[in-house]
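As given, the protein sequences belong to chains L and U, one line each in that order. If you count by the working numbering, then the first sequence holds residues 1 to 237, one letter each, in order. If you count by the working numbering, then the second sequence holds residues 1 to 301, one letter each, in order. Each residue gets a CB set at the ideal place from its N, CA and C atoms; glycine is no exception. Since we're looking at a predicted model, the values are computed, not measured. Here's the structure we're looking at; comments come further down.
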Amino acid sequence: MAPLLEVKGLQAFYGQTKVLFDLGFDIAEGGITTLLGANGAGKTTTLRAICNMVRTEGSVRFAGKDIRGLPTEEIVRQRIAHVPEGRGTFTTLTVDENLRIAAYTRRDKEGVKNELDRVFGYFPRLKERVQQQAGTLSGGEQQMLAIARALMLKPRLMLLDEPSFGLAPLVVVEIFRILRRINEEEKVSILLVEQNAALALDLADYAYVLETGRVVMADRSSVVKNDEGIRKSYLGY
Amino acid sequence: MEQFLQQLASGLANGAIYACVALALVMIYVSTDHLNFAQGEMAMFSTYISWQLMNWGLNFWLAFVLAVLISFVAGLLIERIVLRPLHNAPVLSVVVVFIGLLAICNSMAGAIWSYLIKEYPSPFPKSTFGIAGVIGPHQLGVVLVTLIVLSLLFVFFRYTPLGLAMRAAAQNPSSARLVGVRVDWMLALGWGLAAAVGAVAGIMVAHIVYLDPNMMGGILLYAFASALVGGIGNPGGAVIGGFIVGILENMVAYAGNMIEKETGVYIIGNGEKLTVALIIVIFVLTVKPAGLFGRVVVKRV
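In structure tokens form, the structure reads like this:
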């Protein structure tokens, strides 16, 4: 079966500085894939490159279509949802508005309402705070809101940038449990970028390890997890 | 007492105009962090367009609607054509473009319609009513029309998906893109709406200040003051700020007149309205730098 996302020879630049070198990887439909690596390895940049938020060269194919170079908002409309680093909360809007904004192109009110209910099924805590200004939510709740907003886009592929960042361990466990459910119940493929390699390898079925913008290892999570050398050199645990 | 009420009414009418222009300024400010110095001249140009349409035989309201629509499209095009290439330009470049726009609007209006001051009709009936001429029909009409326009805008931004998308694009453009909002178009739409609201203000005020290419100069100054008093990032605040400034300047004149009548000494009057109003504005900003309604956004990270 052809992969859902196919990245080949991807290069990315910040100004004149090249940060991704000839990067290539695939994401299978329905799976959870993780990108691991130290700070500065290019994990976040890879996600940003997929959504054309940095200058890129190379090829990014999604569901058989070349999407590289399309404006970010058009890539998103192909049903790739990006949960950005720092969560990207609309702080002055309410929780409800933060979610509805993701459905603003849709005209079927009934459908949007069903979508909201479905999303609240995963995040009951957000439902309690639906009229609250999003900037007043806790870090964990804002992360949930970001994932919920991405879900409102009915994505085929969800890109998650460090969903565990700055959160209490218990909250992280809760969020990862929800991600697993979303993957299984919604059939959403996930590309996860994480600092916390142990956690990411538990969730993902396939892993790529990056170092300074290049893939240094690609294998099933269980294999990567047990590779002593990789673990010591790149994952640091 | 009657004079007091008259001044209050006149303050409300002026305030309504300031509120519209201030709102136009804020709409562009919240999405781009730039103050459009050409907002007043754009409104003036729109007013001339409506005058021209009436000259060609259209009735007032048809000319009004058409001029507002034309302004909307023109605002949108100005953003797409003139400002789009400057999205990543330094602030000063943008400021220069705004000043250029100001000069272009002004001299084009002068070239097409001459700098001669023109009378501009009022669409409202001449009759006096209510408490014997406390509020003139034009003043009442201005307040009503602007309130309707402001309410429509409020409903649009608060309750429609497109309004929500525009607010989201203004607040966090990169996140807005990530939920599929076409941010560039939202900016252009914001410019269009600002130009349209400015046109409403220009057309409403032209009967009072008469039509000439420099008619909006003072009004833009008041509108800046209104936006700042209300909190430059807060559309509702800008509207209230407009009414505050409008009423304030007339109250200053009223107080001056009363003092003169009682004591025979002239201290302040109509001539000092602007000065005193601006002094009060500066005072407000010294005490509350964010403006009266400029709330500090609660943010947890």
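Residue i versus chain L: which residues are under 8 Å apart at the beta carbon?
| i | result |
| --- | --- |
| V181(U) | E73, I101, Y104 |
| S175(U) | P84, G88, T89, F90 |
| P85(U) | Those do not exist, as P85(U) stays about 16 Å from chain L at its closest Cβ, beyond 8 Å. |
Give me the Cα-Cα distance between residue i and residue j, rounded to the nearest whole angstrom.
| i | j | result |
| --- | --- | --- |
| S222(L) | L201(L) | 7 Å |
| Q11(L) | C51(L) | 13 Å |
| V249(L) | R77(L) | In the structure as shown, chain L begins at 1 and stops at 237. Residue 249(L) is therefore absent and cannot be evaluated. |
| F21(L) | G213(L) | 5 Å |
| L137(L) | F123(L) | 13 Å |
| K18(L) | A218(L) | 22 Å |
| E128(L) | F120(L) | 9 Å |
| N98(L) | Q171(U) | 11 Å |
| V301(U) | G166(L) | Confidence at V301(U) is low in this model, with a pLDDT of 47, below 50, so the placement of that residue is unreliable and no value is reported for it. |
| V205(U) | W185(U) | 30 Å |
| Q7(U) | A201(U) | 20 Å |
| E260(U) | I268(U) | 8 Å |
| L35(U) | A168(L) | 42 Å |
| G217(U) | S59(L) | 54 Å |
| K299(U) | R80(U) | With a pLDDT of only 49 at K299(U), under 50, the local geometry of the prediction cannot be trusted, and the value read off the model is given with reservation. Answer to the nearest angstrom: the Cα atoms are 33 Å apart. |
| N311(U) | L220(U) | The requested residue 311(U) is not part of the displayed model; chain U covers only 1 to 301. |
| E110(L) | L170(L) | 35 Å |
| S10(U) | Q139(U) | 7 Å |
| I380(U) | A223(U) | This structure cannot speak to residue 380(U), because chain U is shown only from 1 to 301. |
| M1(U) | L144(U) | 24 Å |
| Q3(U) | V134(U) | 8 Å |
| L4(L) | A28(L) | 5 Å |
| D66(L) | A49(L) | 13 Å |
| W61(U) | I203(U) | 10 Å |
| A13(U) | W56(U) | 29 Å |
| L86(U) | V68(U) | 26 Å |
| S233(L) | V224(L) | 12 Å |
| V112(L) | F13(L) | 38 Å |
| Y18(U) | V265(U) | 31 Å |
Where does residue i sit, in a helix, a strand or coil, going by DSSP?
| i | result |
| --- | --- |
| G15(U) | helix |
| A109(U) | helix |
| E119(U) | coil |
| K288(U) | coil |
| M217(L) | strand |
| L191(L) | strand |
| Q238(L) | Coverage of chain L is limited to positions 1 through 237, which leaves residue 238(L) absent and any answer about it impossible. |
| V134(U) | coil |
| Y159(U) | helix |
| F21(L) | strand |
| K8(L) | strand |
| V173(L) | helix |
| Q7(U) | helix |
| L126(L) | helix |
| Y208(L) | strand |
| G116(L) | For the record, residue 116(L) in the displayed sequence is Leu; it is not Gly. L116(L): helix per DSSP, three-state reduction. |
| Q133(L) | strand |
| L211(U) | strand |
| Y222(U) | helix |
| Y266(U) | coil |
| L228(U) | helix |
| S114(U) | coil |
| G166(L) | coil |
Identify the contact partners of residue i in chain L, using a Cβ-Cβ distance below 7 Å as the criterion.
| i | result |
| --- | --- |
| N172(U) | G88, F90 |
Cβ closer than 7 Å: which chain U residues qualify as neighbours of residue i?
| i | result |
| --- | --- |
| R77(L) | G180 |
| E97(L) | L164 |
Against residue i, what residues of chain U qualify as contacts under a CB-to-CB distance less than 8 Å, listed in chain order?
| i | result |
| --- | --- |
| L93(L) | L164, R167, A168, Q171 |
| L153(L) | V179, G180 |
| R149(L) | V179 |
If we cut at 9 Å on Cβ distances, does residue i have a partner in chain C?
| i | result |
| --- | --- |
| P161(U) | No chain C is present in this structure, whose protein chains are L and U. |
Can you pull the chain U neighbours of residue i, defined as C-beta to C-beta under 9 Å?
| i | result |
| --- | --- |
| E162(L) | Within chain U, no residue comes near E162(L); the closest Cβ sits about 14 Å away, beyond 9 Å. |
Indicate whether the contact test is met: 3 or more Cβ pairs, each with one atom in the segment 209–228 of chain L and one in the segment 28–47 of chain L, closer than 8 Å. Because the criterion of three Cβ pairs below 8 Å is met, the segment 209–228 of chain L and the segment 28–47 of chain L touch.
Are at least three pairs of beta-carbons, each pair with one atom in the segment 165–178 of chain U and one in the segment 40–58 of chain U, less than 8 Å apart? These segments do not touch.
Output the residue ranges of the alpha helix (DSSP H) runs that lie fully inside the segment 27–112 of chain L and measure 4 residues or longer, sorted by chain position. As for any alpha helix (DSSP H) of minimum length 4 sitting wholly inside the segment 27–112 of chain L, the runs are 43–50, 72–77, 95–100, ordered along the chain.
Using 8 Å as the Cβ pair cut-off and three pairs as the minimum, do the segment 271–284 of chain U and the segment 21–30 of chain U touch? Between the segment 271–284 of chain U and the segment 21–30 of chain U, the count of C-beta pairs closer than 8 Å stays below three; the two stretches do not touch.
Contact between the segment 143–160 of chain L and the segment 82–89 of chain L is defined here as three or more beta-carbon pairs at a separation below 8 Å; is this criterion met? At 8 Å Cβ cutoff, the stretches touch.
What ranges does the alpha helix (DSSP H) occupy inside the segment 232–263 of chain U, keeping only unbroken runs of at least 4 residues that lie completely in it? As summarised for the segment 232–263 of chain U, the continuous alpha helix (DSSP H) elements at least 4 residues long and confined to that stretch are 235–263, given in chain order.
Sufficient close CB pairs (3 or more, under 8 Å) joining the segment 235–254 of chain U to the segment 282–295 of chain U: In this structure the segment 235–254 of chain U touches the segment 282–295 of chain U; the number of beta carbon pairs closer than 8 Å is three or more.
Decide yes or no for the touch test of the segment 226–236 of chain U against the segment 191–210 of chain U: beta carbon pairs closer than 8 Å, at least 3 of them. The segment 226–236 of chain U, when compared against the segment 191–210 of chain U, does not touch it at the 8 Å Cβ threshold.
contact_flag[the segment 91–107 of chain L, the segment 38–49 of chain L] where n(CB pairs < 8 Å) is 3 or more: Segments in contact, no.
Should the segment 176–188 of chain L be regarded as contacting the segment 102–110 of chain L, the criterion being three or more beta carbon pairs within less than 8 Å? Contact check between the segment 176–188 of chain L and the segment 102–110 of chain L: fewer than three CB pairs, one atom from each, fall below 8 Å, which does not count as touching.
Could you pull out every unbroken alpha helix (DSSP H) segment of at least 4 residues lying fully inside the segment 59–107 of chain U, listed in chain order? Counting whole runs of 4 or more residues, the segment 59–107 of chain U contains the alpha helix (DSSP H) stretches 60–77.
Runs of alpha helix (DSSP H) lying entirely within the segment 146–206 of chain U, each at least 4 residues, in chain order: List check, alpha helix (DSSP H) in window: 161–171, 173–178.
Any beta strand (DSSP E) of 3 or more consecutive residues that is wholly inside the segment 137–164 of chain L: Listed in chain order, the complete beta strand (DSSP E) runs (minimum 3 residues) inside the segment 137–164 of chain L are 157–161.
Evaluate contact between the segment 176–183 of chain U and the segment 105–125 of chain U, counting only Cβ atoms and requiring at least three cross-stretch pairs below 8 Å. No, they do not touch.
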